[in-house]
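Just below is one structure, and these are the notes that go with it.
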Amino acid sequence: MGGAGGLGHRVREVRPRLLRGALHSLLLAAVALFFLNFNLVGTASPSKRYSQDLVYAWFGDEAWLYPRPHAPAAQGEPAAAHVVVVMIDERALALRGARWPAPVQFHAQFLAELQVLRPRAILLDFLLIDPAPPADICDLLGVGARLRAEGTALYLAVTGPGDLATLQAPACRDARGSRIQVDRVFTPVSVQRQADDSDFVGRHYPFEQRDERQAPGEGIISAAVRMYCDATPAPQGCITRLIDTMPTNAGFELAWSPTGDPFNQRWAQGSCVETASPLRAILNKPALPRESRCPPVATLFARVLLDPAEDPTLSAERLLTLGDGAFLMVGGNFRGSADLFTTPLHTLLPGVYYHAVALQNLLAFDGRPKVRKEFRTPKIAFYCYDLLVLWLLAAIFLWRQHWLHGVRPLGLSPFEISPAARGWIAPFFARFPTPAWIIAATVVLLLMAAYRDVQLIAVAAVIVTVIIIELRVARGGEIRERLRGLLLYVAAMSLSLAVIVGAVWVGYRWLRLPPGDWLGYFSFAAFGFFLAHTAILEFGRRIDELYVARTAGGHST
Amino acid sequence: MKTWLCLLLLSTAACARGASADEPPAATPGQNACQISDNHILGPRMGERPLPLLSGDAAHGFRPACSVPWTILSPHNDPLPVVGCYQDNLLQVANDAACGHPTGRLWVSIRWVLTSGEKQGAQSTATTCQRLETGTYAASRDFPTKPCVPGNPPRADADSARPAAAVPAPVTPAASAATPAAPSGATPRPQR
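Protein chains in written order, with this note's numbering: chain R, 1 to 557; chain B, 1 to 192.
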């Protein structure tokens with residue numbers, strides 16, 4: 001009885017302390033959440049986007065992060081759904097006596113050549129809005145109808161619902177004498193692009209092109225979304241699932257890989273295997289790969305398809321393997337056409353890659369791409385997830401502070417210089433006139449600010465110097481205390497990192513959130529950002545004490 | 001040190017030369033296809049897949065005509081003579097009815113068919129060359145990789161002092177390129 005009573009007494013004693021600790025850490029987490037999303041003059045967005053780019057630069061070629069489908073490497077390999085960019089340039093047009101802008105007649109010929117490859121679907125990323133001779137339009141529709149009859153879906157880029165009208169040819173008939181209607185041949189798709197406001201990088205892909213007055217699904221579905229959904233057993237269900245609850249201008253996040261598709265090594269001027277080590281970021285070097293010339297989607301140049309002499313090593317078998325069952329995205333790369341976009345990892349690429357990578361993302365994630373919190377419904381639920389993660393990190397932080405106070409009763413941080421070391425350093429500098437050492441320190445800091453290479457060396461030199469001084473002048477007991485404090489810090493940091501990794505993984509894998517929040521979490525956990533905001537806790541504690549005092553007073557009276 | 005370096009460089013050069021001599025370059029489909037005389041289409045390159053055929057010409061533009069299997073173009077699997085050529089990548093055959101309606105002579109991309117010119121190029125083991133009276137040889141560009149079999153064997157009464165300008169001009173790739181490869185009626189090959 002007595003034992004049970006003692007335990008109950010202890011629980012009654014501990015419970016208020018636990019509750020208070022939980023509430024304090026919740027308050028701290030809420031402050032952290034606010035500051036993480038405090039987008040004053042747009043400063044919060046670049047940090048999130050950059051941290052997302054870093055994740056893809058470091059791990060983008062890992063299947064656990066981005067299981068993108070490559071083009072089959074050899075004949076006989078099962079032809080999984082894969083994406084191939086077919087690039088038309090000036091040389092390809094010249095091979096058929098045509099010039100930019102690519103005439104309808106060229107597209108008709110070229111579609112006939114693509115028919116041999118038996119692709120699953122073809123996107124023409126060209127706006128065929130200029131008037132063309134009816135005979136040329138009829139040729140295009142005729143080839144398109146043949147492709148449709150063979151089971152190849154055809155998609156045509158449009159800017160609005162009326163664009164297909166220029167391809168109407170009432171006199172155009174098929175072999176059976178039936179009129180060929182353009183909307184039976186081509187599915188119109190939107191090729192509108194989105195870019196982040198902060199840096200104009202194309203990281204997310206719109207679901208559809210619609211205005212505020214239209215309901216979800218009433219706009220023109222984007223090329224990759226339409227192509228993916230049409231390849232599923234229930235296309236309309238797929239489109240509804242993807243865009244039903246999305247606000248206007250919503251898009252999904254594009255996972256990128258720094259590594260190019262192996263097929264492109266045959267023509268790429270640089271290596272298709274790009275390595276971006278996290279060590280580069282730690283060493284203050286550019287962390288993102290620069291100007292990769294090997295795109296992440298297998299690319300077949302139209303001139304190679306039209307003229308084998310352009311790439312004599314591309315065998316017929318390899319060509320068939322590449323095209324068999326592929327989603328062919330036919331786009332242009334013409335000097336002066338300005339159809340380029342900035343990607344997170346490959347600088348400028350022709351616009352067709354935007355749609356190709358979007359389709360690769362949909363295939364890689366089985367039609368469940370990553371979508372930002374601001375486009376999700378209910379939005380507050382996803383921010384609650386953020387709050388939960390920050391609550392855990394705040395609890396670890398407060399736990400560390402609590403234990404640190406127990407280990408070092410004087411309240412000194414393990415990173416602070418001890419009084420003994422200060423006592424040694426201050427007289428050393430005092431030997432020089434005050435203006436001299438202040439100017440010397442200013443010059444050193446100025447150099448560190450100006451020269452990035454000097455920063456790491458200087459910081460390392462300062463740390464080593466302070467450690468040597470501490471070891472020489474501090475008492476043995478104090479050094480042991482400091483070591484315990486450091487171990488505690490490392491343990492708390494490891495735990496925080498585990499929480500961050502777990503949170504990002506759960507968010508990415510199950511909540512379909514892009515991996516853009518880790519840098520924010522990390523800055524709170526590692527760089528003592530919490531410290532700056534613990535003042536709010538002191539204020540909260542003071543309010544709590546007042547409340548306790550008031551209620552205690554009320555009870556007593 | 002210098003001697004070793006020279007030996008190393010010499011052996012590397014010899015190895016590189018030996019390697020290129022052992023590996024004759026494979027014939028490239030489409031390379032100079034319009035410069036080959038008496039060229040024939042031997043069959044499809046992509047198995048049974050239908051061949052996309054074009055109608056029209058260089059002056060008025062090409063347009064897709066139809067896609068037919070090889071057996072429609074050549075029911076007995078006979079080689080088809082190439083009667084026209086465009087930009088080394090389109091070959092014209094003397095068939096204007098393969099699509100089931102009159103189209104004019106049809107064109108097919110060299111990407112999809114195998115030609116005799118290409119096959120000959122792959123099988124050829126000797127370089128076309130001419131022995132000059134100076135004792136040297138004029139040969140096509142594959143001379144270093146294939147043995148030279150002169151088209152004009154040295155005469156017994158040849159006067160070694162005879163000036164080179166007096167002998168018949170050697171056949172060079174440039175000279176053969178100027179010769180029209182296609183029979184009469186073929187579309188002239190436009191300049192690139």
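Just so it is clear, CB atoms sit at the ideal spot from N, CA and C, and this is done for glycine as well.
Bear in mind that the values here come from a model prediction, so they are computed numbers and not experimental data.
Determine, using beta carbons only, whether residue i and residue j come nearer to each other than 7 Å.
i: P119 of chain R; j: L328 of chain R; result: yes
i: L154 of chain R; j: F186 of chain R; result: yes
i: H82 of chain R; j: A326 of chain R; result: yes
i: C294 of chain R; j: G260 of chain R; result: yes
i: W267 of chain R; j: G60 of chain R; result: no
i: N333 of chain R; j: D89 of chain R; result: yes
i: G477 of chain R; j: P414 of chain R; result: no
i: R45 of chain B; j: V113 of chain B; result: yes
i: A169 of chain R; j: I129 of chain R; result: no
i: S198 of chain R; j: E208 of chain R; result: no
i: L106 of chain B; j: A65 of chain B; result: yes
i: G331 of chain R; j: V357 of chain R; result: no
i: S88 of chain B; j: A33 of chain B; result: A quick correction: the sequence has Asp, not Ser, at residue 88 of chain B. Going by C-beta atoms, D88 of chain B is nearer than 7 Å to A33 of chain B.
i: L359 of chain R; j: Y228 of chain R; result: yes
i: P605 of chain R; j: K370 of chain R; result: With chain R covering only 1 through 557, there is no way to say anything about residue 605 of chain R.
i: L33 of chain R; j: L387 of chain R; result: yes
i: A364 of chain R; j: P131 of chain R; result: no
i: V559 of chain R; j: T342 of chain R; result: In the structure as shown, chain R starts at 1 and stops at 557, and residue 559 of chain R therefore has no counterpart that could be examined.
In this structure, does DSSP put residue i in helix, strand or coil?
i: D57 of chain B; result: strand
i: R12 of chain R; result: helix
i: M493 of chain R; result: helix
i: E90 of chain R; result: helix
i: A132 of chain R; result: coil
i: R541 of chain R; result: helix
i: V82 of chain B; result: strand
i: G485 of chain R; result: helix
i: L42 of chain B; result: strand
i: V464 of chain R; result: helix
i: Y147 of chain R; result: Note on residue identity: the sequence assigns Leu, not Tyr, to residue 147 of chain R. Looking at L147 of chain R - three-state DSSP - the assignment turns out to be helix.
i: T442 of chain R; result: helix
i: M448 of chain R; result: helix
i: G21 of chain R; result: helix
i: L348 of chain R; result: strand
i: V189 of chain R; result: strand
i: T551 of chain R; result: helix
i: Y56 of chain R; result: helix
i: A298 of chain R; result: strand
i: E218 of chain R; result: coil
i: I180 of chain R; result: coil
i: Q109 of chain R; result: helix
i: V371 of chain R; result: coil
Could you tell me which chain R residues have their CB closer than 8 Å to the CB of residue i, listed as they occur along the chain?
i: P64 of chain B; result: A108, Q109, L111, A112, D139, G142, V143
Can you list the residues of chain C that residue i reaches, using a CB-CB cut of under 7 Å?
i: R96 of chain R; result: Absent from the structure: chain C. Protein chains present are R and B.
With a threshold of 7 Å between beta carbons, is residue i in contact with chain R?
i: A94 of chain B; result: no
i: A58 of chain B; result: yes
i: R49 of chain B; result: yes
Quick one: which chain R residues come within Cβ less than 7 Å of residue i?
i: P52 of chain B; result: A112, E113, Q115, V116
i: S109 of chain B; result: E113, L306
Chain B beta carbons: is any one of them nearer than 7 Å to that of residue i?
i: A316 of chain R; result: yes
i: Q269 of chain R; result: no
i: Q105 of chain R; result: yes
i: D163 of chain R; result: no
Under 9 Å Cβ-Cβ, which residues of chain R neighbour residue i?
i: R105 of chain B; result: Per Cβ cutoff of 9 Å: no residues; R105 of chain B is ~16 Å from chain R at best.
i: W70 of chain B; result: Result: empty, since nearest Cβ-Cβ is about 12 Å, beyond 9 Å.
Name, please, each residue of chain B whose Cβ falls closer than 8 Å to the Cβ of residue i.
i: R146 of chain R; result: S67
Below 7 Å on C-beta distance, what does residue i contact in chain B?
i: L320 of chain R; result: M46
Between residue i and the ligand ZN, is there a pair consisting of the residue's CB and a ligand heavy atom that are separated by less than 6 Å?
i: G142 of chain R; result: With respect to small molecules bound, the structure shown includes none, and the ligand ZN cannot be examined in it.
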